[in-house]
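For the sequence shown, the working numbering begins at 227 and goes up steadily by one. Idealized CB from N, CA, C, for every residue including glycine. To start, the structure itself, in structure tokens.
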Amino acid sequence: MNLNWKLTIYRTWDEVDDPAFLDQWQDWMDRSPDAHVFFHPSLVKAWTDTYRKLRNITPLYCVAEADGVIVFLPLVFWKRNWKNAFVRMLVPAGYSDYDYHDPIVTTSVSNEFMDSFWLMLEKQLFEKNKKKYDRIQIIGTNSYKCNLGKWKKSEEKCFYNVLDKYLSFDNYLSDISKNLRQDISRCKRRMSEKGVIQYKIHNNSSINKALLELDEMLEVHSNRWPLSYKAPGFYQTLIKNAIPLNIVHFSVLVLNDKNISWQISFIYKEKYYSYMPAYLKEFAEYSPSKVLMAFNYQYSYNNGIKILDHLRGEHKYKKEWNTESYDLYSYLQDSKKLMSRIRLNLFDYLRKQKS
């Protein structure tokens, strides 16, 4: 597909934080029929505002136009520290903290259109500047399907549920596995025998309480997954930025006035993104995360959510919810320069040691 592309790259924080640019960005999101939540300005700024204080990152926000269509892809140039072999990387804003990095496109386009965009970006940005970067890595995209060149299908699949095909929520429950349905009922019954169950959702009027309960959740999550890095202040900024916009959905399962399970999720364009769960280990016999997920499924159905997305990762529990799946793609270009290869070999070795 032969398109005449115009590419503009914004390279300073003053440019991308300018209110006029943020308004334009929001307009692209609003116009896009299938924009994912992770490139919403509130989420991207939560990540960049946090990591700018902790890491050496600079923006390369790409705005491409062809045939009157805007394609927006926020990238960052990340100079890693000595603990990461001083590797110089070009990655999407949000990187591994967020699941999807498909560009924002202001209208529906064909696969050929997106192939043309990626090939243009590879030629005009990646290849022209390859001496500046040790590694260029784009992860979590569904918009490139030709498997050409440096693009590969990721090993991980994404699992999701189409809720609006069901006539009722009970109709959906009848479609999940019998074992899961019975387990949820059994756990609810056992918790009810212990006391009062509450399903709580934080909103704009309870942000201060949400922040207190977030600290509790993060402590529980870190105890369960001690190697999972949590950038200081990132989740707090996420709550402050996105709960007022009704984008963050922070739900809590309470038993006898005690929080026993939490889930941070996102809601955007009639889609629910199940992002980060945690639960108290001493209540594991009641499967509190599973019960909370059932409440969130019911909330989603009752509030007109069309798709519930379990995001990346082939965890067994996701398949129990009668999910469908789709593939993701990633791009990787490593510099062939000697010093780059040395840094990358050390970087990859150090990452393996941490995992």
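If you look at threonine 234, you'll find it in the beta strand (DSSP E) that goes 232-236. One thing to note: asparagine 387 has its Cβ no nearer than 7 Å to the Cβ of threonine 238.
The segment 389-396 and the segment 337-345 do not touch, with fewer than 3 CB-CB distances between them shorter than 8 Å.
By the CB criterion at 7 Å, isoleucine 330 and serine 268 fall outside the cutoff.
Between the C-alpha atoms of tyrosine 499 and lysine 356 there is a straight-line separation of about 34 Å. Residues of the same chain with a CB within less than 6 Å of the CB of tryptophan 488, apart from the 5 flanking positions on each side, are Met443, Val478, Ala504 in chain order. In the DSSP assignment, glutamate 382 falls within the beta strand (DSSP E) that extends over 377-388.
Its chain contains Trp254, Arg257, Ser258, Val295, Ile296 as the residues whose beta carbon lies nearer than 7 Å to that of threonine 332, once the 5 sequence neighbours on both sides are disregarded; these appear in chain order.
In the pairwise beta carbon analysis, the segment 350-369 is classified as touching the segment 313-321: at least three pairs are separated by under 8 Å. For the 7 Å CB-CB criterion, proline 300 and tyrosine 321 do not form a contact. Rounded to the nearest whole angstrom, the CA to CA distance from glutamine 424 to aspartate 401 is 25 Å.
Assignment of isoleucine 433 by DSSP, reduced to helix, strand and coil, places it in the helix class.
The three-state reading of DSSP puts tryptophan 547 in coil, since its state is none of H, G, I, E or B. With respect to the 7 Å criterion, isoleucine 486 and phenylalanine 521 are not classified as neighbours on the basis of their beta carbons.
A straight-line Cα-Cα distance of about 7 Å links histidine 536 and tyrosine 501. For the pair of segments examined, the segment 361-368 was found to touch the segment 557-564: the number of CB pairs separated by less than 8 Å reaches three. Minimum Cα-Cα distance from alanine 272 among the listed residues Ile235, Gln250, Phe460, Asn430 corresponds to Phe460. In the structure shown, the three-state DSSP call for leucine 269 is helix.
Residue state for threonine 274 is assigned as helix, using DSSP reduced to three classes.
For glutamine 350, there is no enclosing alpha helix (DSSP H), as DSSP marks it with neither H nor E. For tyrosine 512, same chain residues with a beta-carbon under 7 Å away, outside a window of 5 residues either side, are Cys413, Arg416, Met417 in chain order.
Checking the DSSP bridge columns, you'll see tryptophan 304 partnered with Ile283, Met315. Phenylalanine 476 and leucine 572 have their C-alpha atoms spaced approximately 39 Å apart. Of the residues assessed, lysine 497 falls on the buried side of the cut-off, its CB having 16 or more other CB atoms within 10 angstroms. For asparagine 228, the closest C-alpha among the options Trp308, Leu280, Phe339, Thr284 is that of Phe339.
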